[in-house]
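Protein chains in written order, with the working numbering: chain A, 1 to 266; chain B, 1 to 266.
Note that the Cβ used here is the ideal one computed from N, Cα and C, for glycine as well.
Note that the structure is predicted; figures quoted are calculated from it, not measured.
Here is the structure we will look at.
Number of protein chains: 2
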Amino acid sequence: MNMNDSLEEAIEVLQQLGLKEYEARCFVGLSRLHTGTAKRLSEMAEVPRTRVYDAIRVLEAQGLVEIQHSSPQQFRAVPLDEATETLRDQYEGRVERLHDALDTVEMVEQDDETPVQQVWAMSGQDAIKNRTDQLIEDASEEVVLVIGDESLLTEDLVSSLNDVGNGVDLLIGALTESLQDQIKTAVPDATTFISGLEWLQGEDATENETAIGRLLLIDRSTILVSSLMPDTKDEQAIFGEGFGNGLVVIARRLMAQGLLTVRDPK
Amino acid sequence: MNMNDSLEEAIEVLQQLGLKEYEARCFVGLSRLHTGTAKRLSEMAEVPRTRVYDAIRVLEAQGLVEIQHSSPQQFRAVPLDEATETLRDQYEGRVERLHDALDTVEMVEQDDETPVQQVWAMSGQDAIKNRTDQLIEDASEEVVLVIGDESLLTEDLVSSLNDVGNGVDLLIGALTESLQDQIKTAVPDATTFISGLEWLQGEDATENETAIGRLLLIDRSTILVSSLMPDTKDEQAIFGEGFGNGLVVIARRLMAQGLLTVRDPK
DNA sequence: TTGAATAGTCACCCGTTTAATCACAAAAAG
DNA sequence: CTTTTTGTGATTAAACGGGTGACTATTCAA
Numbered sequence: 001m002n003m004n005d006s007l008e009e010a011i012e013v014l015q016q017l018g019l020k021e022y023e024a025r026c027f028v029g030l031s032r033l034h035t036g037t038a039k040r041l042s043e044m045a046e047v048p049r050t051r052v053y054d055a056i057r058v059l060e061a062q063g064l065v066e067i068q069h070s071s072p073q074q075f076r077a078v079p080l081d082e083a084t085e086t087l088r089d090q091y092e093g094r095v096e097r098l099h100d101a102l103d104t105v106e107m108v109e110q111d112d113e114t115p116v117q118q119v120w121a122m123s124g125q126d127a128i129k130n131r132t133d134q135l136i137e138d139a140s141e142e143v144v145l146v147i148g149d150e151s152l153l154t155e156d157l158v159s160s161l162n163d164v165g166n167g168v169d170l171l172i173g174a175l176t177e178s179l180q181d182q183i184k185t186a187v188p189d190a191t192t193f194i195s196g197l198e199w200l201q202g203e204d205a206t207e208n209e210t211a212i213g214r215l216l217l218i219d220r221s222t223i224l225v226s227s228l229m230p231d232t233k234d235e236q237a238i239f240g241e242g243f244g245n246g247l248v249v250i251a252r253r254l255m256a257q258g259l260l261t262v263r264d265p266k
Numbered sequence: 001m002n003m004n005d006s007l008e009e010a011i012e013v014l015q016q017l018g019l020k021e022y023e024a025r026c027f028v029g030l031s032r033l034h035t036g037t038a039k040r041l042s043e044m045a046e047v048p049r050t051r052v053y054d055a056i057r058v059l060e061a062q063g064l065v066e067i068q069h070s071s072p073q074q075f076r077a078v079p080l081d082e083a084t085e086t087l088r089d090q091y092e093g094r095v096e097r098l099h100d101a102l103d104t105v106e107m108v109e110q111d112d113e114t115p116v117q118q119v120w121a122m123s124g125q126d127a128i129k130n131r132t133d134q135l136i137e138d139a140s141e142e143v144v145l146v147i148g149d150e151s152l153l154t155e156d157l158v159s160s161l162n163d164v165g166n167g168v169d170l171l172i173g174a175l176t177e178s179l180q181d182q183i184k185t186a187v188p189d190a191t192t193f194i195s196g197l198e199w200l201q202g203e204d205a206t207e208n209e210t211a212i213g214r215l216l217l218i219d220r221s222t223i224l225v226s227s228l229m230p231d232t233k234d235e236q237a238i239f240g241e242g243f244g245n246g247l248v249v250i251a252r253r254l255m256a257q258g259l260l261t262v263r264d265p266k
C-alpha cells in the first residue's frame, strides 16, 4: 500500500473511532511531524489554521496529543503505541460500562406465543463468528460444520471446537484440500471431509455472486448458514433453532445429498 | 444505581460507541424485550414507530440484532455477551488498522531548534497512565513515584514497576498508610515512604479543588506531575524532559523539602 | 519604535445529518 | 368489507460539522 493511502486510511479509521475529520487530520499530521506549530500543522494536515486549535484541544482532552503552552504553542502527538493503548483503554471501558448497565436490567415479561417458525437473519463477520463460537460451545451431541473460506477459520473458532464436551461428535468439512489439512492439524479430534455440497454452490452461483461462508448444524436441531460477498467480505447469515423449524428442511436436503452420510462410515 | 439510570447509561454509552440515539434506544429496548415487533419496540424505546425500521437495519448490519423476515417482522437483540464481544472485535480491528497505517508512515524531516524549555501538558486518565508506565519502563537509574490516589495504582503500573532493570532504584511514596501497605506488598523491591509533600497539598488546596494525582521523577531528568479533579476524576498532567528543563526546578524543590532525602538513609 | 508577519480567538455561513412528523399503500385482523 | 396494523417514503426543522473571514494580541525585524 502506498504511503498516502496509509494516511487516508488512518484518517478514516480515526473517524470511525469517533474523531471528527479535522481532529483525525491533525492527529495524523502531528504523527509525522514530531512537533509542530499550528501553522505548520495546518499546511501539512490541510486543516484551516484557525480550526487547528479546536481540534487539538479535543485531541488533548482524549490524551492523544500534548500541548506546550508557550508562545507560539507547540503540539505533538503521543507516541503511537501509547495512543493506540489509550484508545483501547477508552473502548474497553465503554464496553464494560455497557455490559454492566445492561446486565442489571434485562427482560420485561412477555406474552409468549412462540410461532415455531423461527428463522432469524443476522449480518457482520464479527457477529456471525461470535454466534458460531457460542453455538459450538453449547453443543451437546453433534457439531457439523462446513467452512467455505480460509479466513473464517479463526483462533476462537478452533478453540471452541477443541473445547466441546467428550460425547460430542465433530464433523468438519472444507471446500479445498489445503483447508482440510489446516483443519486436521488444528482440530485433531474432528472427522474431516471435503465437498459434499457442490450442488449448493452450483445452484447459487447462477443467481448471484455470493459464495458459501459457513454451514453449521448443532445437535440436528439448530442451524446456521452464511454467505460471503466475495469482494466486500461482507457476511450474512440465517439462523434457526428447534426441530419443527423450516430451516431443518435444508438440513434434510443436505443429508439426502450425502453430506452427512460421511459420518456413518467413520 | 437505579434501573432507569442504567438504561440511560446504556443508551449514552452506545452513542459514545458510535450509534445514533434511535439505534441506541432500540437496542436497549430490545435487550429487555427478548423479542418484539416494531410497534412494541417503538413504545418501549420511545422511538417513533416509522423510524424503528431504519434503526434496526443499521443494528442488524453491525451484528447487534437479528431480524425475522416474517409479517410482521420480529426483532431481537443478540445476547449481551455476544454483543459486547462483537463491539470489542470491531474496535480491536480498527485500532489495529490505525496502528498499521500510521506505522508505515511516521516522520517527515524537521528543522530542529529544540528550545530546551520543554513543558508539555496532557489530559486523560488513560493517557497519563500509559505515559507513566512507559516512562517507568524506560528508566535506567532511578524512579521516584508518589501516588496520590488509590485508583491510580493499576495492574499495569505494578507490573511496570516490577519490571524495571536491576540497577534502577525504586522510591515510592503514598499519601496514606493503607496505600503504602498496598504498595509494599505489590512492589517488594521498592523503598516506600509516606508524605513528604504536605507543603504541596497545602499550597494548592487554597487556590482550587484539585488534588495531587501522580508525581513521577525518572533518572532525575524527566518529570511528570498530575492533578486530579476530585469529583469528575478528570486528570491533567504536565510533563518535562531534559536536565535544563524548568520543571526540574520543582524536582529541586522537592529534594530541598526532604522528599528525596528519604533515599539516602536507606 | 514602527511596521509586517504570525498567533490565537470569535463569529458567521452553509451543506449535511438526524431527530421528528406526515402521507400513503400493502397487508392482517375482525 | 371495514378497520387496524405494518412498512416505505417524502418532508420539515433543528443540530452539527466543515469552511471562511474579521479582528486583536503577540512576536519579530527593520
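query = Which chain A residues sit within Cβ distance under 7 Å of B/Y91?
reply = Taking the first residue of the second sequence as 1, we reach residue 91 of chain B at position 91. Against chain A, the beta carbon of B/Y91 has neighbours under 7 Å at Y91, listed in chain order.
query = Can you find a CB in chain B that lies within less than 7 Å of the CB of A/A77?
reply = The count along the first sequence starts at 1 and reaches residue 77 of chain A at position 77. Among the CB atoms of chain B, none fall inside 7 Å of the CB of A/A77.
ask   = So the beta strand (DSSP E) B/V146 belongs to, where does it begin and stop?
value = As a first step, residue 146 of chain B is located in the second sequence; it is residue number 146 there, counting from the start. Annotation: the continuous beta strand (DSSP E) that includes B/V146 extends over E142 to I147.
ask   = Bridge partners of A/I66, per DSSP?
value = Taking the first sequence and counting its residues from 1, the one referred to as residue 66 of chain A is at position 66. What sits at residue 66 of chain A in the sequence shown is Glu, not Ile. According to DSSP, residue pairing for A/E66 in a beta bridge involves A/R76.
task = Kindly indicate which three-state DSSP category A/A10 falls into: helix, strand or coil?
result = In the first sequence, counting from the first residue as 1, residue 10 of chain A sits at position 10. Looking at A/A10 - three-state DSSP - the assignment turns out to be helix.
query = Roughly how many angstroms separate the alpha carbons of B/A45 and B/I56, rounded to a whole number?
reply = Here residue 45 of chain B is taken as the residue at index 45 of the second sequence, counted from 1. Here residue 56 of chain B is taken as the residue at index 56 of the second sequence, counted from 1. Each residue's Cα considered, the two are about 12 Å apart.
query = Are the C-beta of A/E9 and some C-beta of chain B separated by less than 7 Å?
reply = Looking up residue 9 of chain A in the first sequence gives position 9. When Cβ-Cβ separations below 7 Å define contact, A/E9 makes contact with chain B.
request  = Classify B/G165 as helix, strand or coil using the three-state DSSP reduction.
outcome  = For the purposes of this step, residue 165 of chain B is taken as residue 165 along the second sequence, with counting starting at 1. Here B/G165 sits in coil by DSSP.
inquiry  = Below 8 Å on the Cβ atoms is my contact criterion, and I expect B/G63 with A/S123 to pass it. Report the Cβ-Cβ distance as a whole number of Å.
reply    = For this step, residue 63 of chain B is matched to residue 63 along the second sequence. For this step, residue 123 of chain A is matched to residue 123 along the first sequence. For B/G63 against A/S123, the beta-carbon gap comes to about 6 Å, under 8 Å, which counts as contact.
task = Could you list which residues in chain A have their beta carbon closer than 8 Å to that of B/D86, in chain order?
result = Position 86 of the second sequence, counted from the first residue, corresponds to residue 86 of chain B. For the sequence presented, residue 86 of chain B should be read as Thr rather than Asp. Residues of chain A passing the Cβ test: G124, D126, A127 and N130.
query = Name the residues in the region 28-51 of chain B whose C-beta lies less than 9 Å from a C-beta of chain A; which are they?
reply = Residues V28, S31, R32, L33, H34, T35, G36 and M44.
request  = Find out if the Cβ-Cβ distance for the pair A/W120, B/Q68 is shorter than 7 Å.
outcome  = Your numbering for residue 120 of chain A matches position 120 in the first sequence. Your numbering for residue 68 of chain B matches position 68 in the second sequence. The answer is yes: Cβ separation under 7 Å.
ask   = Which two residues bound the contiguous alpha helix (DSSP H) that contains B/T185?
value = By one-based count along the second sequence, residue 185 of chain B stands at place 185. Where B/T185 is concerned, the enclosing alpha helix (DSSP H) stretches over E177 to A186.
task = Please go through the same chain and pick out, in chain order, the residues whose beta-carbon is closer than 8 Å to the beta-carbon of B/T154, but skip the five residues on each side of it.
result = As a first step, residue 154 of chain B is located in the second sequence; it is residue number 154 there, counting from the start. Counting only Cβ-Cβ distances below 8 Å, and skipping sequence neighbours, we find K129.
request  = With a 10 Å radius around its C-beta and 16 neighbouring C-beta atoms as the bar for buried, classify B/T84 as buried or exposed.
outcome  = In the second sequence, counting from the first residue as 1, residue 84 of chain B sits at position 84. Buried.
query = Relative to the alpha-carbon of A/N4, which residue among B/E8, B/V105, B/E92 and B/I11 has its alpha-carbon at the smallest distance?
reply = Indexing the first sequence from 1 puts residue 4 of chain A at position 4. Answer by Cα proximity: B/V105.
request  = For B/E82, go through chain A and note every residue whose CB falls closer than 8 Å to its CB, in chain order.
outcome  = Indexing the second sequence from 1 puts residue 82 of chain B at position 82. Close to B/E82, with beta-carbon spacing below 8 Å, are these residues of chain A in chain order: A127, N130, R131 and Q134.
query = From A/L314 to A/R76, what does the alpha carbon distance come to, in whole angstroms?
reply = Because residue 314 of chain A is not part of the residues shown, which for chain A are 1 to 266, the question remains open.
inquiry  = Helix, strand or coil, according to DSSP, for B/A24 in the structure here?
reply    = Position 24 of the second sequence, counting from 1, holds the residue named residue 24 of chain B. Of the three classes helix, strand and coil, the one that applies to B/A24 here is helix, per DSSP.
ask   = At a CB-CB cut-off below 9 Å, which residues of chain A make contact with B/R214?
value = The residue labelled residue 214 of chain B in the question sits at position 214 within the second sequence. The premise fails here: B/R214 is roughly 14 Å from chain A at the closest Cβ pair, so nothing lies under 9 Å.
inquiry  = Which residue marks the beginning of the beta strand (DSSP E) containing A/L224, and which one marks its end?
reply    = Locating residue 224 of chain A in the first sequence gives position 224, where the first residue counts as 1. T222 to L228 is the extent of the beta strand (DSSP E) around A/L224.
ask   = Exposed or buried, what is A/G29 when buried is set at 16 or more other beta-carbons lying within 10 Å of its beta-carbon?
value = Residue mapping note: residue 29 of chain A aligns to position 29 of the first sequence, counting from 1. Burial of A/G29 is indicated by the presence of at least 16 other C-beta atoms within 10 angstroms of its C-beta.
CB contact check: A/V13 to chain B, cutoff 7 Å = In the first sequence, counting from the first residue as 1, residue 13 of chain A sits at position 13. So yes, A/V13 belongs to the interface.
ask   = When DSSP labels each residue in this structure, what does A/E203 get in the three-state scheme?
value = Within the first sequence, the letter at position 203 stands for residue 203 of chain A. For A/E203, the pLDDT reaches just 45, beneath the cut-off of 50, and the residue's location in the model is therefore unreliable, although a value from the coordinates is still provided. For A/E203, the secondary structure class from DSSP, reduced to helix, strand or coil, is helix.
request  = Check the C-beta distance from A/L170 over to A/D156 and give it rounded, since I have them as a contact under 8 Å.
outcome  = Within the first sequence, the letter at position 170 stands for residue 170 of chain A. Within the first sequence, the letter at position 156 stands for residue 156 of chain A. Their Cβ separation, rounded to whole angstroms, is 16 Å, which puts A/L170 and A/D156 out of contact at 8 Å.
For B/V164, the nearest candidate out of B/S151, B/D138, B/S178 and B/S6 (CA to CA) = Taking the first residue of the second sequence as position 1, residue 164 of chain B is located at position 164. Residue nearest to B/V164 within the set B/S151, B/D138, B/S178 and B/S6 is B/D138 (criterion: CA-CA distance).
request  = Under 7 Å Cβ to Cβ from B/L184, same chain only, skipping five residues before and after it: list those, please.
outcome  = As a first step, residue 184 of chain B is located in the second sequence; it is residue number 184 there, counting from the start. Before going on, a small fix: residue 184 of chain B reads as Lys here, not Leu. Residues T192 of the same chain have their beta carbon placed closer than 7 Å to that of B/K184, with the five preceding and five following residues left out of the count.
key: Residue range of the alpha helix (DSSP H) that includes A/L59   = Stepping through the first sequence from its first residue, residue 59 of chain A is reached at position 59. For A/L59, the enclosing alpha helix (DSSP H) has its first and last residue at R49 to A61.
query = Tell me which same chain residues have a C-beta within less than 6 Å of the C-beta of A/S42, skipping the five on either side of it?
reply = Within the first sequence, the letter at position 42 stands for residue 42 of chain A. Within the same chain, A/S42 has close Cβ partners R49 and V52.
ask   = Residues of chain B with a CB under 7 Å from the CB of A/D103: which are they?
value = Counting from 1 along the first sequence, the entry for residue 103 of chain A is found at position 103. Within 7 Å Cβ-Cβ: L80.
query = Quick one: what's got a C-beta closer than 8 Å to B/E207's C-beta in the same chain, skipping five residues either side?
reply = Within the second sequence, the letter at position 207 stands for residue 207 of chain B. At B/E207, the pLDDT of 45 sits below 50, so the modelled position is not reliable and the matter cannot be decided from this model.
key: Sheet register partners of A/G240 (DSSP bridge)   = On the first sequence, residue 240 of chain A is found 240 positions in, with the first residue counted as 1. A/V119 and A/I223.
request  = Compare the C-alpha of B/E141 against each of B/L152, B/Q118, B/V168 and B/T132 and name the closest.
outcome  = Indexing the second sequence from 1 puts residue 141 of chain B at position 141. In terms of Cα proximity to B/E141, the closest of B/L152, B/Q118, B/V168 and B/T132 is B/V168.
query = For A/L41, does the three-state DSSP call read helix, strand or coil?
reply = Within the first sequence, the letter at position 41 stands for residue 41 of chain A. DSSP, read as helix, strand or coil, puts A/L41 in helix.
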